[in-house]
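Only one structure is covered here, and it is reproduced in the block below.
Numbering (this note's numbering), first residue to last: 15 to 109.
Next up, the structure:
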């Protein structure tokens, strides 16, 4: 249960990051950081050898890539919902 709760929070944080980008930053800065997290995590998995004691940076790279990708999905879905909401509001506007 905790596993699913963690990944749900990661997914929802991507949507919150979209709202922060749209309302306060006005540029997709957090979206670009999430996009940069995916290859950064992949690089960490390649350059760090895996050891069974603590996983090394290998497991941190796997988690970084997975969390960045899932948060980016939430960010993208929030962006699509925002575009759809704006188009519907514009089409319903009588003027």
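Beta carbons: idealized from backbone N, C-alpha and C, even for Gly.
Cβ shell of residue 83 (< 6 Å), same chain only, five flanking positions each side left out: Against the chain shown, residue 83 aligns to sequence position 69. Annotation for residue 83: 52 place their beta carbon closer than 6 Å to its own, counting only its chain and skipping 5 residues before and after.
According to DSSP, simplified to helix, strand and coil, what is residue 131? The structure shown has nothing for residue 131, since the chain only spans 15 to 109.
Determine, using beta-carbon pairs with one atom in the region 27-37 and one in the region 74-90, whether at least three such pairs fall under 8 Å. With the cut-off at 8 Å, the region 27-37 and the region 74-90 touch.
For residue 66, the first and last residue of its enclosing alpha helix (DSSP H): Looking up residue 66 in the chain shown gives position 52. Element bounds for residue 66: n/a, residue is neither H nor E.
List the endpoints of the continuous alpha helix (DSSP H) containing residue 32. Within the chain shown, residue 32 is the residue found at index 18, counting from 1. That run of the alpha helix (DSSP H) goes 16-34.
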